[in-house]
Structure formats: C-alpha cells, structure tokens
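Structure, as structure tokens:
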Amino acid sequence: MELRVSDVRGLHPACILSVRAGQARRQAPLGQLATHPLRFPEQTGAGASGHLKIDLLQPLASECLVLHPAELRGYTVGVDRDGGAPGSFRLLLSQLGPTAAEPPAADQSAAEAEAVASTQQYLEKFLVLEYMQRLLQALVEARPEDPFEFLWRQLGALLGGEPRAEPGPKKPGGEGTSHTHTHT
Numbered sequence: 001m002e003l004r005v006s007d008v009r010g011l012h013p014a015c016i017l018s019v020r021a022g023q024a025r026r027q028a029p030l031g032q033l034a035t036h037p038l039r040f041p042e043q044t045g046a047g048a049s050g051h052l053k054i055d056l057l058q059p060l061a062s063e064c065l066v067l068h069p070a071e072l073r074g075y076t077v078g079v080d081r082d083g084g085a086p087g088s089f090r091l092l093l094s095q096l097g098p099t100a101a102e103p104p105a106a107d108q109s110a111a112e113a114e115a116v117a118s119t120q121q122y123l124e125k126f127l128v129l130e131y132m133q134r135l136l137q138a139l140v141e142a143r144p145e146d147p148f149e150f151l152w153r154q155l156g157a158l159l160g161g162e163p164r165a166e167p168g169p170k171k172p173g174g175e176g177t178s179h180t181h182t183h184t
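Position 130, counted from 1, in the sequence shown is what UniProt numbering calls 130; the numbers after and before it change by one each time, with no gaps.
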C-alpha cells in the first residue's frame with residue numbers, strides 16, 4: 001500500500017504525519033508526502049485490519065547527533081525549543097543482536113547523485129570538511145587524555161566566538177546555533 005497526501009490546508013508542512021497500518025508505522029513531514037509517499041508492506045495494509053491509525057505531530061525541536069564510530073554509549077542532547085525554555089534528555093544506545101545481511105546496493109540513481117552533489121556543496125559552502133580536518137590534526141598533535149573533551153572545547157570556542165588554538169572558519173552570518181551535547 002502507498003499513501004500520499006494532497007490538498008493540505010491550515011497545517012504547517014513541518015507537522016509529522018504518523019500512520020499505522022496493522023503493525024507497521026510510517027511517518028514523515030506533511031510537506032513531503034505529496035511527492036514522497038509512505039509505503040507499507042501489503043500484508044500490513046488497511047485491508048488486514050480495516051483501518052489506519054493516523055497521528056499528526058508537531059516538532060518541538062530538532063537536533064543532530066554525531067555517534068562515536070567505535071562504540072555505542074550514552075549521549076546528552078540539549079535542545080532549544082522555539083519560544084520555549086531549553087531542555088535536554090539522555091539517549092542510551094546499545095547494540096542489537098545479529099541482523100540479516102543487507103541486500104547489495106543498487107546503482108546510484110539520479111536523485112542520489114543530486115543528493116551527493118548537494119551535500120558536497122553544503123560542506124564546501126561552510127568549510128566544514130576543512131574545519132574538521134583542522135580539528136583532527138590538532139587532536140592528533142595535542143593527544144589529550146580525553147580527546148572528546150578537547151574536541152568539545154574546540155567546538156565550544158567556535159560557537160562562543162572565543163579565541164581558538166586552531167584557526168577555523170568564522171560563524172556564518174550570525175545564524176542561530178545548535179547545542180547538541182555529546183560528551184559522556
């Protein structure tokens with residue numbers, strides 16, 4: 001079963017439409033569902049139970065969290081809510097048991113190639129790769145006892161506008177900053 005949305009009125013496109021058909025749940029921003037449908041396995045479609053459970057959710061905040069590549073751990077995530085007081089919560093991650101092998105990757109579609117090019121343009125525009133390379137070079141040279149505390153301080157210095165040990169790009173045009181905390 002495939003579900004699309006059309007003729008949306010009076011609702012913000014960032015609202016999340018959450019739909020459950022049988023045991024399968026899919027969700028996406030309302031504004032994307034006209035061109036990117038929700039897909040459900042045929043055996044869990046509305047025909048199996050005769051109905052859909054539909055929830056419309058409003059995002060309170062949005063953050064990005066970079067996970068440590070070698071281990072899963074706990075992360076404290078700080079969020080600044082639009083018009084509300086700051087909040088935080090702790091994510092505790094753990095490894096699942098063995099999983100089935102993923103199917104071989106298909107050839108890259110035009111949409112995937114466009115997404116890669118868009119990502120590369122974004123990273124180049126804000127000099128992210130260059131700054132991250134400098135951070136890693138400074139980390140390897142300094143070899144601090146706690147590498148994550150070192151990186152945290154460097155990123156904090158960039159966000160707070162304080163002097164930095166390593167030069168990095170200037171903060172883009174005074175835009176707001178995210179406050180995702182990943183130190184354990």
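Positions of the beta carbon are idealized from the N, C-alpha and C atoms, including for glycine.
Here the alpha carbons of leucine 67 and glutamate 145 stand approximately 20 Å from one another.
For serine 109, no alpha helix (DSSP H) encloses it, and the DSSP letter there is neither H nor E. Annotated as proximal: leucine 72 and serine 94, with beta-carbon spacing under 7 Å. Leucine 11 places its beta carbon 7 Å or farther from that of arginine 26. Nearest in C-alpha terms to leucine 56, of all of Ala115, Glu2 and Arg20, is Arg20. Here leucine 139 really is in contact with leucine 151; their C-beta atoms are around 6 Å apart, less than 8 Å. Under the three-state reduction of DSSP output, threonine 76 falls in the strand class. Excluding its 5 nearest sequence neighbours in each direction, leucine 60 has C-beta neighbours in its own chain below 6 Å: Arg81, listed in chain order.
For glycine 50, the secondary structure class from DSSP, reduced to helix, strand or coil, is coil. For the pair valine 128 and glutamate 63, the Cα-to-Cα distance works out to about 17 Å. Beta-bridge partners of valine 19 (DSSP): Arg26 and Ile54. Distance from leucine 33 to arginine 4 at the Cβ level is roughly 6 Å; contact confirmed, criterion being Cβ atoms closer than 8 Å.
The C-beta separation of valine 77 from leucine 91 comes to about 6 Å, placing the pair in contact by the 8 Å criterion. Leucine 96 sits in coil when the DSSP states are folded into three classes, being neither helix nor strand.
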